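A.B. asks: One structure, as structure tokens, below. Some questions next.
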Amino acid sequence: MTNQEVAKLLRNVAAVYLLTGENRFKIIAYEKAADSIQNSPVEIQDLWREGKLSSLSGLGPAINSHLDELFRKGEVKHFKRVLKRVSESIFPLLDIPGFGPKKASKLVSELKLKEAKTVVDSLLKAAKQGRIAVVEGFGTKSQEDIIEAIKRFKKGQIKENRILLSSAWNTADEVIQYLKEFKGVLDVQPLGSLRRKVATIGDIDIAVATNDPEGVINWFVKNPKVNKIIDQGQSGATVILENGRQIDLRVQIPERFGTMLQYFTGSKNHNIRLRELALKKGLSLSEYGIKPIDNSQKSRPKADRPQDEKLKIHEYAREKELYQALGLSWIPPELREDSGEIEAALLRQPADQGKLPGLPKLVELKDIKGDLHLHTSYNLEPSHDLGTSPLEDILNLATDLGYEYIGLSDHNPSYSNHSESQIVNILMQRRQKYEQILESTKSTRVNLFIMLEVDILPDGQLPIPDKAFSYLDAIIVSIHSSFHLDREAMTKRVIKGLYHPKAKILAHPSGRLLGQRQGYEVEWSKLFNFCRTNNKAIEINAHPVRLDLPDILVRQAIEAKVKLIINTDSHKATDMNLMPYGVYVAQRGWSTNNDILNTLPYNKIKEWLFN
DNA sequence: GCCGTTTTCGGCCCGACTGTTTTCAGTCG
């Protein structure tokens, strides 16, 4: 059962509780548990297998025992009874935007929609016939909205709207550079998932600090790349660019910029936790700032409260000041997912220093000293695609990037087309050629590792003969076929592939391609244990379609004390510039320099690679 | 039903938006 399915089940239970007048906090508890499961990139069923259900926040003894029954027997008796209390036609409607339990229930009973399978279509039909507008609490407007919502819902099931981080970043950066040309712009920052560097992005939002909001907004909509202005107001504007992307701009005076930046950076869960923390300190945090809680006003209707209440709000020019007001140190946006960062950011008493773990000092791009997964255009008749850039170009770019070393990790020669001795020969000649080129470009100070990216065959074997290893400093291993082995078989396969003493790195370990392909199934804790014990590294592949190892697994790997290495997997020299995306993933996984092998200087990484 | 740097009992995030209302309920992020 997928996380999505388990979350949906809990949401349905919460919906029934809402409709049947259960304690509202019980309802919230079920919804929180559903959120937690849905946001977990670890499969909940894996957590259950390992007996770690409680590691997810919001899962307590009661829900855990229900989930235990669910995974053991395939269903939960208690849930089954609960769900029977309402018409099953309600549940499909809950997936439609704008529909909650109340609305769904009302329509199902008023319109007598009994068939769950056809309820969406029946509802659409009823709306078109004008039978919704006459229901109490609904009108013609809501009837039209429902038709629109169902249409969008039907489209949405086919098309996923999120785009790759790199693509969103490039678009946003162009707009940010354009905005900076306007002299009234004091600061520009991306917001939301873009600022947090999530692997895929929904909306592109940008914030500007300025004392001339009107001027900035006018400048923004006049961008020659703007195709269409959707909305233009006093606090911002929304446009569609030539490339079809929507950009939201928000402007704010510098005195309030930190407050806005914090609020719109999220994540939602991070902000919820901050507000809970504020409450415990007798403060109330909102998108407008922090104010003391005034209990004497709480019971009075809003309209009766004194107008000057807003004056008591503290606004912040910088995020740092806002976090400090809550007793926290500033938290890097990449960590704001409510996954322990708030606890780690609590300002310590001097006596506690060193005793409790604080925020990590995150690895940065400038700490990266090399890239070990590069494909050149040298034709070794490989099993997969050849690189397109010659070694000379790669060396030049490596010099520009300030690298101390690079690793040439072309795909292995195809094994179906070559005999063992042919493969040995190819690799011998390749080594000679590379050494020759390095010799002729004496000006470079970049050190070279002559490596290979080797397929792990379905049975775990490596398709190159023993003799060939003498022409290789080390190898990277990876999966390029038979993605659908079961979890156990895949784990065995990968571990066997890594077993060779020269196999040092597992590349793109989950095999996912964002928006195209799910990763394959692996028993991660088993793999991590093997890597730690045997001194193998796991790659963080920086290619924007991969970003693999995914950030949450990076965090788990680090907790398991596994070493990681960030590589670009470049198939052309300019791909080497994609390194920042790998660093973002490492940061989101709480990596310090200590966790990332290619922050090591040449002599140290050589020592590791040759051992 | 969950949770703990004021608590193992007594709390549980905040505000905007929308449509239908004439003071609010439901939904969303």
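Heads up: the first sequence at position 139 corresponds to 425 in the numbering used here, and the numbers run straight through without jumps.
The beta-carbon is built from N, C-alpha and C at its ideal position, and this holds for glycine as well.
Fair warning: this is a prediction, and the values are worked out from it, not measured in the lab.
1) Would you tell me roughly how many angstroms separate the C-alpha atoms of Lys441 and Glu434, rounded to the nearest one?
2) Among Arg335, Glu807 and Gly797, whose alpha-carbon lies nearest the alpha-carbon of Glu774?
3) Tell me the residue span of the beta strand (DSSP E) that contains Lys577.
4) For the structure I just gave you, are there three or more beta carbon pairs, one from the stretch 712-724 and one from the stretch 775-792, closer than 8 Å?
5) Would a C-beta distance cut-off of 7 Å place Ile692 and Gly656 closer than the cut-off?
6) Count the other CB atoms, across all protein chains shown, that sit within 10 Å of the CB of Lys588; report buried if there are 16 or more and exposed otherwise.
7) If you check the beta carbons only, do Phe506 and Ala523 fall under 7 Å apart?
8) Using 8 Å for Cβ pairs, my map puts Ser669 next to Asp772. What's the rounded Cβ distance?
9) Let me confirm a value: Glu595 is counted as buried when at least 16 other C-beta atoms fall within 10 Å, else exposed. Which label applies?
10) With C-beta atoms as the reference, is Ala631 less than 7 Å away from Ser615?
11) Name the DSSP bridge partner or partners of Thr486?
12) Quick one: give me the first and last residue of the beta strand (DSSP E) that Thr737 is part of.
13) Which of the three DSSP states is assigned to Ala823 in this structure?
14) If distances are taken between C-alpha atoms only, which option among Glu336, Glu317 and Glu329 comes closest to Gln804?
15) When the Cα atoms are used, what is the spatial distance from Leu296 to Ser625?
16) Once you ignore the five residues that flank Thr909 on each side, which residues in its own chain have a CB closer than 7 Å to its CB?
17) Helix, strand or coil: how does DSSP classify Gly783 here?
18) Taking the DSSP output, what are the residues bridged to Arg832?
19) Looking at Ala760: is its Cβ nearer than 7 Å to the Cβ of Lys788?
20) Can you give me the Cβ contacts of Asn879 inside the same chain, cut-off strictly under 7 Å, excluding the 5 residues immediately before and after it?
21) Using the Cβ count rule (16 or more neighbours within 10 Å means buried), how would you classify His770?
22) Taking C-beta to C-beta, are Leu345 and Ser326 nearer than 7 Å?
23) What does a CB cutoff of less than 8 Å around Ile898 pick up in its chain, not counting 5 residues either side in sequence?
24) Assuming Gly470 and Asn497 form a contact by the criterion Cβ under 8 Å, report the distance between their Cβ atoms to the nearest whole angstrom.
25) Examine the Cβ distances between the stretch 861-871 and the stretch 826-843 and report whether three or more of them are shorter than 8 Å.
26) Find out if the Cβ-Cβ distance for the pair Val405, Leu399 is shorter than 7 Å.
27) With Gly746 and Lys778 assumed to form a contact (beta carbons below 8 Å), what rounded beta-carbon distance in angstroms separates them?
28) Please determine, among Leu758, Asn289, Pro699 and Thr662, the residue with the shortest C-alpha to C-alpha distance to Lys858.
29) Put Gln475 into one of helix, strand or coil per three-state DSSP.
30) To the nearest angstrom, how far is the alpha carbon of Val421 from that of Glu396?
31) Since Leu683 and Met546 are thought to touch, with beta carbons under 8 Å apart, how far apart are those beta carbons, to the nearest angstrom?
32) Determine the DSSP secondary structure at Asn298, reduced to helix, strand or coil.
33) What's the C-alpha gap between His786 and Ser702?
34) Between Ile852 and Leu883, what straight-line distance do the alpha-carbon atoms span, to the nearest angstrom?
35) Could you compute how far the alpha carbon of Val645 sits from the alpha carbon of His556?
36) Please state whether DSSP places Lys400 in a helix, a strand or coil.
C.D. replies: With the given structure in hand:
1) 11 Å
2) Glu807
3) Gly575 to Pro578
4) no
5) yes
6) Reliability of the predicted coordinates at Lys588 is poor, the pLDDT of 43 falling under 50, and the value obtained from them is presented with this limitation in mind. Under this definition Lys588 is an exposed residue.
7) yes
8) Ser669 to Asp772, Cβ: 24 Å. No contact.
9) Only weak support exists for where Glu595 lies, its pLDDT of 47 falling under 50; the coordinates are left without a value.
10) yes
11) Leu450
12) A quick correction: the sequence has Met, not Thr, at residue 737. Here the beta strand (DSSP E) through Met737 covers Asn733 to Asp741.
13) strand
14) Glu329
15) 21 Å
16) The displayed coordinates of the chain run from 287 to 897. Any statement about residue 909 would go beyond what the structure contains.
17) helix
18) Paired residues: none, contrary to the question.
19) yes
20) Val649, Asp653 and Thr885
21) exposed
22) no
23) Outside the shown range of the chain (287 to 897) lies residue 898, about which nothing can therefore be said.
24) 7 Å
25) yes
26) yes
27) 6 Å
28) Thr662
29) strand
30) 7 Å
31) Actually they are not in contact, since the Cβ atoms of Leu683 and Met546 sit about 39 Å apart, beyond 8 Å.
32) helix
33) 21 Å
34) 8 Å
35) Note on identity: in this sequence residue 645 is Leu, with Val being the wrong assignment. Looking at the two C-alpha atoms, the distance is approximately 15 Å.
36) coil
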